[in-house]
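J.:
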Amino acid sequence: MLTFKSAMTIWTLLAWLPLVSSIVYFRSSPSSESVLQRMAVSAHGAVIALLCSVALLVAIFGSPRQEYGEIYRLLLWVPLFLVAYSFFRFRGKKEIHFLQLLNILWLIFAFLFGGMAITGVWL
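With my numbering, letter number 107 in the sequence shown gets 781, and the count goes up by one each step, no holes.
And the structure:
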């Protein structure tokens, strides 16, 4: 039987899927670019994964609060800006940008379910 905490643990592990796009972006960036630039154009997936995980961990350990919702929704803009940044500054193969579809789906997941998890207000 699946309990709340075991379900949250599974979702926390799944929340790290956007990290795959960050790894692909980093490895596909030309090695002639600085490591800092390569990290900047590939940070979007890692930030999404971190935001999803933090929201779910807050729910798991039982400390959600309404006040966290505003901050969380504000922080969800960071990966959107990083995605836009990667569109303009990424110097690798442009087909890799299709991975942003995965990131956008997870960002929607983070907004809907992460927002509920971090505030403790479930539908």
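Note that beta-carbon positions come from the ideal geometry of N, C-alpha and C, so glycine has one too. Predicted model, so just to flag it, every value in this text is computed and none were measured.
#1: For V757, I'd like the list of residues in its chain whose CB is within less than 7 Å of its CB, leaving aside the five on either flank, ordered along the chain.
#2: With distances taken from CA atoms, which of S760, F678, F783 is nearest F772?
#3: Leaving out the 5 sequence neighbours to the left and right, which residues in its chain are closer than 7 Å to P829 when beta-carbon positions are compared?
#4: Around the C-beta of G766, are 16 or more other C-beta atoms found within 10 angstroms, so that it is buried, or is it exposed?
#5: Is it buried or exposed, R634, if we count other Cβ atoms within 10 angstroms and call 16 or more buried?
#6: Rounded to a whole number of angstroms, what is the C-alpha to C-alpha distance between S708 and F755?
#7: Beta-carbon separation of I734 and L781 under 8 Å?
#8: Please report the straight-line C-alpha distance between L750 and T683, rounded to a whole angstrom.
#9: In terms of residues, what are the limits of the alpha helix (DSSP H) holding H771?
#10: By a C-beta neighbour count over all protein chains shown, 10 Å radius and 16 as the cutoff for buried, is P704 buried or exposed?
#11: Run through the segment 683-709 for me and flag every whole alpha helix (DSSP H) of 4 or more residues, listed as ranges in chain order.
#12: How many Å lie between Q740 and A720 at the Cα?
#13: If I measure Cβ to Cβ from V752 and keep anything under 6 Å in the same chain, skipping five residues before and after, which residues do I get?
T.: Per the coordinate set shown:
#1: Stepping through the sequence shown from its first residue, residue 757 is reached at position 83. These residues qualify, in order along the chain: H718, Q774, N777.
#2: Counted from its first residue, the sequence shown places residue 772 at position 98. Checked all of S760, F678, F783; the closest Cα to F772 is S760.
#3: As displayed, the chain neither begins before 675 nor continues past 797, which places residue 829 out of reach and without an answer.
#4: Residue mapping note: residue 766 aligns to position 92 of the sequence shown, counting from 1. Per the 10 Å Cβ criterion, buried.
#5: An answer regarding residue 634 cannot be provided, because it is not within the stretch 675 to 797 covered by the chain.
#6: Sequence index remark: in the sequence shown, residue 708 carries index 34 (1-based). Sequence index remark: in the sequence shown, residue 755 carries index 81 (1-based). Spanning the two alpha carbons is a distance of roughly 20 Å.
#7: Translated into positions along the sequence shown, residue 734 becomes position 60. Translated into positions along the sequence shown, residue 781 becomes position 107. Cβ atoms of I734 and L781: not closer than 8 Å.
#8: As a working mapping, residue 750 is identified with position 76 in the sequence shown. As a working mapping, residue 683 is identified with position 9 in the sequence shown. Cα to Cα, L750 sits roughly 21 Å from T683.
#9: Looking up residue 771 in the sequence shown gives position 97. First-last for H771: undefined, no H or E at that position.
#10: Residue numbering aside, residue 704 sits at position 30 when the sequence shown is read from its first letter. P704 comes out exposed.
#11: 692-702
#12: In the sequence shown, the residue the question calls residue 740 occupies position 66. In the sequence shown, the residue the question calls residue 720 occupies position 46. Each residue's alpha carbon lies about 25 Å from the other.
#13: The residue you call residue 752 lines up with position 78 of the sequence shown. V721.
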